[in-house]
Structure formats: structure tokens, C-alpha cells
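Enquirer:
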Amino acid sequence: MLQRMNYLHVYTRPLRNHPFSDGMAEKITQIPVSSIILDESIYPRKAVGRSRQTVDAYIADLRAVTLMGRDIKIFCMHHLGMPQERMAQRLGLDQKTIHRHLGKMPIRAFCLNDDLSRGFTVAQVAEKHGWPEPLVWSLALEGKNDHDRFKALGWGFRTWSSLIRPIMTKKQAIMMRTAFPGCPETIIWIFWRRFLPE
4 MLQRMNYLHV YTRPLRNHPF SDGMAEKITQ IPVSSIILDE SIYPRKAVGR SRQTVDAYIA
64 DLRAVTLMGR DIKIFCMHHL GMPQERMAQR LGLDQKTIHR HLGKMPIRAF CLNDDLSRGF
124 TVAQVAEKHG WPEPLVWSLA LEGKNDHDRF KALGWGFRTW SSLIRPIMTK KQAIMMRTAF
184 PGCPETIIWI FWRRFLPE
């Protein structure tokens with residue numbers, strides 16, 4: 004679930020060599036988000052017919068969903084190994100923005116990994132956080148060897164020869180052995196499989 008920010012923390016410090024900075028100290032001011040006033044000509048709340056808090060909450064949720072969608076796209080492209088310049092070009096953003104969003108990715112992935120470690124299925128985690136299921140699978144299978152990945156996906160772990168043998172008839176196998184003498188059997192099967200008609 005997305006959480007809204009209730010307070011804005013503003014850090015203020017005095018400027019060096021400024022005549023009015025005498026007596027000022029560094030401090031952190033906590034400002035409630037509800038007290039931030041936006042320009043009513045650009046952002047008319049009364050025209051909507053709802054209270055200010057309702058409209059602010061709705062816009063904050065829309066902004067969070069938009070940013071989450073952008074973060075998911077950046078995360079997906081990063082997992083595919085795309086460089087930041089190409090990501091920026093594709094999304095129409097600045098490269099510094101992409102770099103800043105990539106810094107947030109471990110935090111976003113932590114929530115998903117936490118739910119996966121608690122025993123939730125990939126489908127449940129994807130639905131809860133609004134992420135595409137293949138992207139959650141890539142997080143769940145990250146760092147595992149092939150055998151563990153196949154086990155998690157529910158696939159049988161079989162060798163190439165057991166996958167390819169049923170395709171060839173006995174006559175075709177004899178023809179392949181005579182055409183390629185001294186060639187190991189598994190290489191013959193793989194070679195034959197590659198050129199089978201679709």
C-alpha cells in the first residue's frame with residue numbers, strides 16, 4: 004500500500020557572510036502538508052465541490068500512482084540491462100532523473116522481497132503492490148541457480164536428449180549416425196532438432 008506524507012521536513016541554515024545571518028541557527032521545520040497552499044487560479048478546489056483535504060488526498064494518490072508506474076518501467080528496463088541514457092530517451096526524462104529513481108529501487112524491491120519471504124505467492128505480491136507478475140518473478144528468482152528456479156516455477160528439470168529424442172524416428176537416427184560418424188549422440192540430437200521443420 005502507498006502511504007501519503009503528512010508532514011514536510013524543511014532544513015534551513017544561515018548563509019555564509021550574509022549581513023542578516025547573525026543569530027540564525029540551523030534547524031529543521033516540520034510543516035503539515037495540509038497547510039501548503041497552492042495557487043487557486045491553477046488549482047481550483049471549490050469548483051470540484053469537495054473539501055480541500057479530499058482533493059489534496061486524491062491528487063497525492065494520483066501523483067503516487069504515476070510515480071509508481073514510472074518507477075516500475077525504470078526498474079524493468081534496469082533489469083533488462085538497458086543503459087540509463089537509453090532509458091531516459093525512451094521515457095522522455097533527464098538522465099539525472101533516471102539515476103535518482105534507480106537509487107530508490109532497492110527500497111521499492113525490499114517491500115516485495117519481504118512479502119515473498121513471508122510466504123506469499125508471486126501472484127498475491129504482484130496484485131498487492133500493483134507490479135507486473137513477470138517482474139515480481141524476476142525478483143523472486145534473483146540469485147538462485149537453475150535447479151532452484153525450475154523448482155520454483157514448477158517446471159521439470161530435464162536434459163536436452165530427453166526433450167529431443169521423441170521427435171526423431173529410428174530410421175532418421177540411423178541416417179544421422181551414418182551421415183556424421185564419430186559424432187556424440189547428444190550433439191546429433193541437438194543438431195537435428197535445430198533444423199526440424201516448424
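First residue of the sequence shown: 4, per the working numbering; consecutive thereafter. From the three backbone atoms N, C-alpha and C, an ideal C-beta is built for every residue, glycine too.
(1) Helix, strand or coil, according to DSSP, for R93 in the structure here?
(2) Could you check whether H104 and I62 sit closer than 7 Å to each other, using their CB atoms as the reference points?
(3) Please report the Cβ distance between G2 and M71, rounded to the nearest whole angstrom; I am assuming they are in contact, meaning their Cβ atoms lie under 8 Å.
(4) Let me check understanding here. Comparing Cα to Cα, which of H102, A155, A60 and D151 lies closest to T124?
(5) Can you tell me which of the three DSSP states P109 falls into?
(6) Helix, strand or coil, according to DSSP, for A72 in the structure here?
(7) Do L138 and A112 have their C-beta atoms within less than 7 Å of each other?
(8) Where does the unbroken alpha helix (DSSP H) through K154 begin, and where does it stop?
(9) Give me the residue from P135, D149, H82 and V58 with the minimum Cα distance to P109.
(10) Thinking L115 and V128 are a contact (beta carbons under 8 Å), I'd like their distance in whole angstroms, please.
Expert: Per the coordinate set shown:
(1) In this structure, R93 counts as helix in the three-state DSSP scheme.
(2) In this structure, H104 does not lie closer than 7 Å to I62 by Cβ.
(3) Not covered by the structure: residue 2. The range shown for the chain is 4 to 201.
(4) Per the Cα distances, A155.
(5) It is helical.
(6) The question names Ala, but residue 72 in the sequence shown is Gly. In this structure, G72 counts as helix in the three-state DSSP scheme.
(7) It is not a contact, given that the beta carbons lie outside the stated cut-off.
(8) Element bounds for K154: D149 to L156.
(9) Among P135, D149, H82 and V58, the Cα nearest to that of P109 belongs to H82.
(10) Confirmed, about 6 Å.
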